[in-house]
Structure formats: structure tokens, C-alpha cells
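Working notes for the structure below.
Numbering (my numbering), first residue to last: -19 to 550.
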């Protein structure tokens, strides 16, 4: 069977999911099981995978989905705990003292706070934390979800202390070692670690334009589709504050990438930027003269809200000090840093505590594991939620209500996540190098799609390289896994077309980051925490536009670097 036909079969589950969720507005709870079934049938009938092997991959995916659900539960629990403790209303009171302008709040929380959390944790944690916080401040749930999904892009290449680059590019180790000392243009590095640093530096360059453009675009997008005047102009009116925030994030982030490597740019950029911008907002620096709001909730479109209603109150009470109210988030940040930096000693031990499932259904190499202590849903989310009971002096009834509501919210995302992550597992496992399981030695489903795209675009590859990274994240839900899937393929494309390897691999890392905007896993998870389960297609219809804009800008920069600038540097 030709690679083109394989690609068409591989893309069918994705097309089906998009048609059902975006076109027909089916909830993910109905669309994703059908997409999984289509994928399973494609694996059995076209790839000739044994039925038992497909079943084992499905179980493997369900095990991974449990880990995601733990994160979702922890994020929901933090939200409800703070709501019932009075902490959230106190935070709302404090944020309004910084600025009542929803545009300013979106930048502080969705852009900078989320960047810091991404740098520390990854795993889709930023959107799961920031979206409920925006919701509680009075944002329509749909707007909160879209803002946080889109802004959870540029920090992701360096998220979870550099995991997407450090771990995601690990398949290139052998190729890099072979290239050390070679005459390949631009490959003037002496080790794998040095190559990772170089890729991180070029990733900063590829992200740079959108770090400044995206906040302005998104504020205009939000005021156009969620504002009372339906006007792009209302959002663009905060362009000075957007640029202020972008500079506050980008400078420390870029300096960190160039001096320290790919582990800490998002964490340090987010933390420094958050402090600078909050201080600047309090001082009125670049803050718009007139505050902007979404208008009365009675006038909101029905599709903007779901099970959890955003507060539209103009006045909030202060139930405790701002320090006590924010302390749970401070603890979350501190614990994430302590448990994610290897040199501090806890990361290795926590990550080693797993419920491991090996050789599922008897198929060697099909393994799954739940790192129950390393998952952010356990430590720090659930841990901090328990600590908050004492910190905020919560009564028994309030605690019971918070936990009961959190557990009840898991039903719909559980169905969607089990199906979607099982689909991902089949996608990844379809290219197994085992003649008994993959008798035709076909490439994996994602690689079949990528190879077909490469054959279509040829020397224009730099324009499309990031979209392959985005495809990987859309399918797998992870920038790291996208890099693991496609890093060798991107290296091969660079070799075949005589392109700068570091630019093409960096475009892969950037594409994997921008793919978080449209990733089904992330959308399902965010829908769960803001009460929009069933409206995944509605969100996807909105996030696809900034995704395409991001890919276009990265493609232009990658093309210029590949054919104009970088070849003349060496």
C-alpha cells in the first residue's frame, strides 16, 4: 500500500473528529469514541495490526488518560476549594484593585501567570489553573478557555523545565553524535547538550514575533467575539500594555535560553514578567485609560457559558488577606519548582513512584504507568487543596461540597479522554518495528501523514515544518511526544533538502508548542474545569485561527532563516 493511501487512512479519524465536533457540534464524549473506532479499524485493516495488539494499545491509552484525569481533578478541586473558602472572592477583590480592565487581567493571568506554571510543570497545567481563575474574575467560561489555550503556546517549547527539548529530541542523539565534527553547514557543536542549547536559542528566535503579536491579536479576537461592541478595536486599544508584557517576558526568557539553556526560559520569563507587569499595572504603566468589560452576563450568548457560571458582580468582599488568599497558588508554584528541578533531589524519587503495567495483554513493549506522586494533580494540586482547608479555616460542609462537586465534574471528560488518548496510543504504536505485529513494516500513522506532506511541499519545507510539530501535539496532546515522534523525520528532511538542521528541528519544537492551542486533550481538560464539557468543537473553531496565524509567522521566519540568513553565517 502506498504511503499516500496510508496517510489518507491515518487522517480519517482526525477528519471525523473535526467534522463531528466542529461541523456538527457533537460533544467530545460522542465524537472521540467514534474517532477511536475508526483509528482502530484502520490499524487492523490497513496496517494489519493484530486485534489483540490494538486492544493492548487501547488499554495503554486508558492508563495514560487516568493520569490526565488526576490533573483535571486536582485543578477543579483547587477552584472549588478556593470558591468555598472565600479565597477566590478575595483574589477577585485584589485583582480589581490592580485593574478592573479584563484585557489587563487576561494578560496578567492567561499570558504571564500561565507561562510561569508552564515553565514549572507542563502537562497542560497552565490552562487548567489559569482558566478557572479568569472564570472566577468574571470572564465568560468560553472566553477564559480560549484565552488560556492560545496563550499556552510560546512557553511550551521550554515547559516542564525544558522537557520538550531535552527529552523530546533524545531520538537525535545518535544522529547528532555522527554529525559532530562533520562538514554539514551550521553543525558546529561538540555534543548533544550543546545541540539542545542551540535548538533552544533558535526556538526563541522563531517564537519571538508571536510573543509580541499574539497578545495583541488575542485581545482583539476576544473583544471581537465576546465584547458587547463586537469590535477588534476594543482589544487593540490595549496594545501598549501587551507590548509591555511581551518585553517583560521575552527579555529574561531569551537571556535565560542563551546563557543557561532550554530548561528555565519559560519559568524565569513568566516569573520575572509577572512581577514586573503587576507592579507596572499598579503604577498605571501602559494601562488603557478606560477599563473594558464583557458587559452584563444577561447579554452573553448562551454558548459562552456552561455548568459553571462566571461571576459578573462588580464588587467583591475581602474575606482574608491577599497573602492568605494567594498562598495556595504560591505554594503550587514553589512545590512545582522544587519537584521539577532535578538538582533539588525530589524529582527523581517522585517520578519513580509509579503504578506500572508492563507487557499489557501479553504484548511485549506495550507498557503503561501512572506516576501518582509526580503528576501535578496529586502534588501539588490535591496536596495544596488539603493544606488550604487549614490555611483558610474551612468548615466541614464547605470541604465536603468542594470535593463532591469536583468528583462529579469528572464524568464527561473521562469518556472523552479515554477515547482520545487510546486513539493516540494506536497512532504511536502503529509503526512498531516487529514483523509479527506490523508485517508490512509500515511507518506509524503520524509519520505516514508527515512523509506525504513532505512529498507535496518539497523545498518549501521550512514553511510547513512547524505544522508537522503542531500535528503531533494535536494528535498526542504533548509537545514532548510530538518531538519524540517527528524529531528524526525533521532531521531527515533537513538532510535531504540541505537545510540548516538546527532551524528545522527548532521549527518542530515551536510547532509542537503552538499545537497546544488545538490539542484535543487540552481542550477536553479545560472544558472540564470551566464547565463547558460538550462544547469542545466550539472552542476548536476559535483556537484554530490563532494556530494558523502562529504557523504562518513561524513558517515565514524559518524560511528566511533557512534560505537567506543562516547559510551566510557559516
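We treat Cβ as the ideally placed atom computed from N, Cα and C, and that holds for glycine.
Less than 8 Å between the C-beta atoms of residue i and residue j, yes or no?
i           : j           : result
residue 459 : residue 511 : no
residue 11  : residue 21  : no
residue 402 : residue 8   : no
residue 321 : residue 360 : no
residue 390 : residue 411 : no
residue 94  : residue 106 : yes
residue 108 : residue 505 : yes
residue 26  : residue 202 : no
residue 186 : residue 538 : yes
residue 283 : residue 70  : no
residue 245 : residue 145 : no
residue 117 : residue 72  : yes
residue 409 : residue 452 : no
residue 179 : residue 489 : yes
residue 529 : residue 197 : yes
residue 398 : residue 455 : no
Would you give the residue range spanned by the alpha helix (DSSP H) that residue i belongs to?
i           : result
residue 326 : 326 to 332
residue 237 : 219 to 239
residue 372 : It is not in any alpha helix (DSSP H) - residue 372 carries neither H nor E in the DSSP assignment.
residue 64  : 31 to 65
residue 468 : 459 to 477
residue 513 : First-last for residue 513: undefined, no H or E at that position.
residue 303 : 302 to 320
residue 481 : 481 to 494
residue 212 : 212 to 216
residue 299 : No alpha helix (DSSP H) holds residue 299; DSSP gives it neither H nor E.
residue 209 : Where residue 209 is concerned, there is no enclosing alpha helix (DSSP H), given that its DSSP letter is neither H nor E.
residue 259 : 245 to 262
residue 455 : 441 to 456
residue 84  : 82 to 85
On a CA-only basis, which of the options is nearest residue i? Give me that one, please.
i           : options               : result
residue 280 : 119, 193 and 221      : 119
residue 466 : 324, 476, 477 and 450 : 450
residue 275 : 82, 500 and 457       : 82
residue 225 : 380, 496, 256 and 462 : 256
residue 270 : 217, 243, 526 and 388 : 217
residue 337 : 39, 308 and 485       : 39
residue 501 : 149, 358 and 51       : 51
residue 99  : 136, 129, 91 and 409  : 136
residue 14  : 207, 398 and -3       : -3
residue 353 : 239, 362, 346 and 486 : 362
residue 156 : 147, 145 and 172      : 172
residue 388 : 88, 53, 16 and 445    : 53
residue 177 : 193, 138, 358 and 222 : 138
residue 350 : 365, 339, 342 and 332 : 332
residue 18  : 404, -19 and 232      : 404
residue 32  : 441, 536 and 418      : 418
residue 316 : 267, 305 and 251      : 251
residue 264 : 84, 113 and 304       : 84
residue 208 : 222, 261, 277 and 383 : 277
The beta strand (DSSP E) with residue i in it runs from where to where?
i           : result
residue 348 : 348 to 350
So, helix, strand or coil for residue i, using DSSP?
i           : result
residue -13 : helix
residue 26  : coil
residue 337 : strand
residue 550 : For residue 550, the pLDDT reaches just 46, beneath the cut-off of 50, and the residue's location in the model is therefore unreliable, although a value from the coordinates is still provided. The answer is coil: DSSP assigns residue 550 none of H, G, I, E or B.
residue 426 : helix
residue 1   : helix
residue 153 : helix
residue 412 : coil
residue 285 : coil
residue 6   : coil
residue 268 : coil
residue 323 : helix
residue 176 : helix
residue 182 : helix
residue 420 : coil
residue 120 : coil
residue 502 : helix
residue 77  : helix
residue 68  : helix
residue 16  : helix
residue 356 : coil
residue -18 : coil
residue -7  : helix
Is any beta-carbon of chain B found at less than 8 Å from that of residue i?
i           : result
residue 235 : Protein chain content of the structure displayed is limited to a single chain, and chain B is not contained in it.
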